[in-house]
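What follows is one structure encoded as structure tokens, with my remarks underneath.
In the working numbering, the protein residues as written are 337 to 904.
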């Protein structure tokens, strides 16, 4: 049997041809996310895999369609794994038949659910239709999940509307396959033209349109890496785009083959973009922000930073470990069940996690808190409790800290409080503020070490070099320990990096380590800290625009001197 022959029959699974959109993972449809969550195999190009894999289930197999077919298939080689069944045995396919259609059908064998993800929309993909026909011919059932086409999504993110109230004509052209007749037709139209091309072919496409009848002064925008935080857009005309790209030092470039979306027409003028460029004008657009926290704590903060256009990079500086002697914690948790405590006070998300893990160890759940008053030091700790099934009775109405909690904590009253004892599970390095305050209010406190915080392992060498060399635009310090630990495991941030601190104590520690603090949160909250950094970025951007200067990120400006401690 020929090595290109594939077995057909009931063993074939199911294929979903899925549009991954132009690059922003947030543009995936709900149906796409559902299909990815149920997939056994993902088949896609490398860049598309980066978009969809975060929605795939753990353990899903990946097949990279743009791997080098000259490599021998095997673990770690990056080459696609393709075997062909001849009815009696399996053997590696010859390189000549390692095409996407074969990869898809081979992956579907044995009843597996395959997602074939393509950039943009499958209906506009050059080869998706051929792969669908191959599946149909082989008896492999398939479905199509549309995605946002790059030719539509990228202009929207670039602030270039394609139609207006007059409903002007819109033409779409793929310059890589367009015929002379196609150029003549779009050149004769006065509507908007959306051209899919590459960076080094933009000028040639502009020339084709001028030759076909478009005026050289027709506005034109060119967007590369659209809908991602690497997006960059240039505004020019058909006659000046070549010079504009040259002045921007974009061409000649080894990246000249990168795909771009160009929009030609009056709606792509600079005047329009100044008002409508919502994505690239986000306050922290493209900023690479270091988030030195524990992995669990960094997630919500990173999501908030992404909403401001930033690219968060999480570097754990603190690792959480169980206490060296667990007996004290075990006695306290048993005391919760036997009615030893009137209150339990949680001072961190990690304290909630530590108690929850002990509960699970003993087969307990949130019902064990019945009859016990529960306090949380702030909103994030309260959310962790609610996720556990416990609604806290007390959360500070003012400052979210131990001091804020004490301001609202009721004094012990022997008439109304049958028990005078408080269980306080906390870290081994926590301050004594809360303990002392509760004792002053008449309470007895079981101050129990629920977990230990230790310095995390150093990040990879590449990250350490970026920290010391100015590769990050900003770093968020959420405690004094994150300052000390980051400097200890990775070195001191470069002088161009914006330093943002959650409060005065953290800022003082940063200054003691020779860092100048640029941003401080108005209140001790990680989300207020992120807001403060976004406000700093917005003001910095506005100042550059008002001065007529290009908008740059902090890492793009490299003063020679190292950052020194502020003396003001």
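Heads up, the beta-carbon is just placed ideally off N, CA and C, and yes, glycines get one too.
All figures in this text were calculated on a predicted structure; none of them were measured in a lab.
8 angstroms Cβ cutoff met for residue i and residue j
{"i": "residue 786", "j": "residue 648", "result": "no"}
{"i": "residue 722", "j": "residue 672", "result": "no"}
{"i": "residue 666", "j": "residue 757", "result": "no"}
{"i": "residue 536", "j": "residue 592", "result": "yes"}
{"i": "residue 809", "j": "residue 651", "result": "no"}
{"i": "residue 657", "j": "residue 784", "result": "no"}
{"i": "residue 360", "j": "residue 564", "result": "yes"}
{"i": "residue 310", "j": "residue 857", "result": "Given a span of 337 to 904 for the chain in the structure shown, any question on residue 310 remains unanswerable."}
{"i": "residue 760", "j": "residue 738", "result": "no"}
{"i": "residue 725", "j": "residue 702", "result": "yes"}
{"i": "residue 743", "j": "residue 732", "result": "yes"}
{"i": "residue 308", "j": "residue 669", "result": "Here the chain has residues from 337 to 904 only, and residue 308 is not among them."}
{"i": "residue 823", "j": "residue 893", "result": "no"}
{"i": "residue 437", "j": "residue 467", "result": "yes"}
Contacts around residue i, its chain only, beta-carbon distance under 8 angstroms, and the 5 residues preceding and following it disregarded
{"i": "residue 684", "result": "713, 717, 762, 763"}
{"i": "residue 527", "result": "504, 505, 506, 507, 601"}
{"i": "residue 397", "result": "376, 377, 378, 443"}
{"i": "residue 553", "result": "573, 574, 575"}
{"i": "residue 613", "result": "494, 495, 569"}
{"i": "residue 348", "result": "441, 444, 445, 447, 474, 475, 476, 477"}
Helix, strand or coil at residue i according to DSSP, with G and I counted as helix
{"i": "residue 834", "result": "strand"}
{"i": "residue 438", "result": "helix"}
{"i": "residue 493", "result": "helix"}
{"i": "residue 382", "result": "helix"}
{"i": "residue 407", "result": "Only weak support is given to the placement of residue 407: the predicted model assigns it a pLDDT of 38, under 50, and the question is left unresolved by the model."}
{"i": "residue 657", "result": "strand"}
{"i": "residue 804", "result": "helix"}
{"i": "residue 365", "result": "coil"}
{"i": "residue 600", "result": "strand"}
{"i": "residue 789", "result": "strand"}
{"i": "residue 621", "result": "coil"}
{"i": "residue 743", "result": "helix"}
{"i": "residue 713", "result": "coil"}
{"i": "residue 485", "result": "coil"}
{"i": "residue 782", "result": "strand"}
{"i": "residue 735", "result": "coil"}
{"i": "residue 888", "result": "coil"}
{"i": "residue 358", "result": "coil"}
{"i": "residue 571", "result": "strand"}
{"i": "residue 768", "result": "coil"}
C-alpha gap between residue i and residue j, whole angstroms
{"i": "residue 371", "j": "residue 715", "result": "34 angstroms"}
{"i": "residue 399", "j": "residue 623", "result": "31 angstroms"}
{"i": "residue 812", "j": "residue 442", "result": "47 angstroms"}
{"i": "residue 533", "j": "residue 390", "result": "28 angstroms"}
{"i": "residue 793", "j": "residue 541", "result": "51 angstroms"}
{"i": "residue 603", "j": "residue 461", "result": "26 angstroms"}
{"i": "residue 654", "j": "residue 402", "result": "39 angstroms"}
{"i": "residue 817", "j": "residue 847", "result": "13 angstroms"}
{"i": "residue 747", "j": "residue 699", "result": "34 angstroms"}
{"i": "residue 394", "j": "residue 449", "result": "14 angstroms"}
{"i": "residue 581", "j": "residue 609", "result": "18 angstroms"}
{"i": "residue 825", "j": "residue 795", "result": "7 angstroms"}
{"i": "residue 599", "j": "residue 487", "result": "9 angstroms"}
{"i": "residue 529", "j": "residue 364", "result": "25 angstroms"}
{"i": "residue 616", "j": "residue 597", "result": "16 angstroms"}
{"i": "residue 358", "j": "residue 559", "result": "12 angstroms"}
{"i": "residue 577", "j": "residue 543", "result": "10 angstroms"}
{"i": "residue 745", "j": "residue 736", "result": "13 angstroms"}
{"i": "residue 485", "j": "residue 457", "result": "5 angstroms"}
{"i": "residue 704", "j": "residue 469", "result": "59 angstroms"}
{"i": "residue 605", "j": "residue 555", "result": "5 angstroms"}
{"i": "residue 720", "j": "residue 627", "result": "20 angstroms"}
Close Cβ partners of residue i (< 7 angstroms) along its chain, the five nearest in sequence each way excluded
{"i": "residue 367", "result": "481"}
{"i": "residue 820", "result": "845"}
{"i": "residue 874", "result": "619"}
{"i": "residue 881", "result": "887"}
Contacts around residue i, its chain only, beta-carbon distance under 6 angstroms, and the 5 residues preceding and following it disregarded
{"i": "residue 646", "result": "620, 623, 625"}
{"i": "residue 839", "result": "860"}
{"i": "residue 384", "result": "356, 453, 455"}
{"i": "residue 547", "result": "none"}
{"i": "residue 834", "result": "810, 854, 890"}
{"i": "residue 872", "result": "855"}
{"i": "residue 531", "result": "509, 511, 541, 598"}
Distance cut-off 7 angstroms: residue i Cβ against heavy atoms of the ligand GTP
{"i": "residue 481", "result": "With respect to small molecules bound, the structure shown includes none, and the ligand GTP cannot be examined in it."}
is_contact[residue i, chain B] using C-beta, thresh 8 angstroms
{"i": "residue 743", "result": "Annotation note: the requested chain B is absent from the structure, which comprises a single protein chain."}
| Three or more C-beta pairs below 8 angstroms linking the segment 463-481 and the segment 350-369 | Enough Cβ pairs lie closer than 8 angstroms, so yes.
| message | Using a Cβ distance threshold of 8 angstroms, determine whether the segment 638-647 contacts the segment 513-520, with at least three qualifying pairs required. | response | Verdict: no, contact absent.
| Does the segment 774-782 touch the segment 582-599, meaning 3 or more C-beta pairs lie closer than 8 angstroms? | With a cut-off of 8 angstroms, the segment 774-782 and the segment 582-599 do not count as touching, because too few Cβ pairs lie within range.
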